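Beneath this line is the structure, given in structure tokens, with notes to follow.
Residue numbers (the working numbering): 2 to 175.
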């Protein structure tokens, strides 16, 4: 009786270690304020962060398990276990500014000061993000257990022990 229960437990553990959910799950979010997500250790996937403005470079602060870094977009990160927080940080864009410059020219009759309009490209940094930031979280696979190799090994061990107990029970009956 005990042997057959241990064999059944071994089969259940083996099937638990072999099964994973492979349904593709996608979540889209527009990032306007800090966004947090807690990822279990059994999930496999990636986080994509992007913006659609062509002349703006947007920076996002990425905090993973308390460790933060500021990253430019577009950004693709492998999804790993822990707490993820994405915070809009800043944006930079190029702006053409017209500037009046005084230049002194030397002529035969003397020096003449001439004003010229010069276009300069200035990089502006804004502490506030005004363009939409899109976050896409893709989960490709979700395992049912954290360590399937260990659970499978315990299942094989339970099958072996259950087989030995079952054969021992049959020998003792006869």
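Ideal Cβ positions, reconstructed from N, Cα and C, are used throughout, including at glycine. Since the structure is predicted, the reported quantities are computational estimates derived from the model, not experimental observations.
Taking all protein chains shown into account, residue 19 has fewer than 16 neighbouring C-beta atoms within 10 Å of its C-beta and is therefore exposed. Residue 11 counts as buried, since at least 16 other C-beta atoms from the protein chains shown sit within 10 angstroms of its C-beta. Selection 54, 79, 56 evaluated against residue 63 yields 79 as nearest (Cα-Cα). The DSSP-derived three-state label of residue 54 is coil. Here the C-alpha atom of residue 50 lies approximately 12 angstroms from the C-alpha atom of residue 28. Taken in chain order, the unbroken stretches of beta strand (DSSP E) that lie wholly in the segment 10 to 56 and span 3 residues or more are 26 to 32, 36 to 40, 44 to 52.
Note: residue 80 is bridge-paired with 46 in the DSSP secondary-structure output. Residue burial annotation: residue 159 is buried, with at least 16 other C-beta atoms found within 10 angstroms of its C-beta.
The DSSP-derived three-state label of residue 129 is coil.
Around the beta carbon of residue 14, 16 or more other beta carbons sit within 10 angstroms, so the residue counts as buried.
As summarised for the segment 98 to 145, the continuous beta strand (DSSP E) elements at least 3 residues long and confined to that stretch are 111 to 127, 134 to 144, given in chain order. Annotation: the continuous beta strand (DSSP E) that includes residue 71 extends over 68 to 73. Per DSSP, residue 175 has no beta-bridge partner at all. Residue 157 and residue 17 have their C-alpha atoms roughly 12 angstroms apart.
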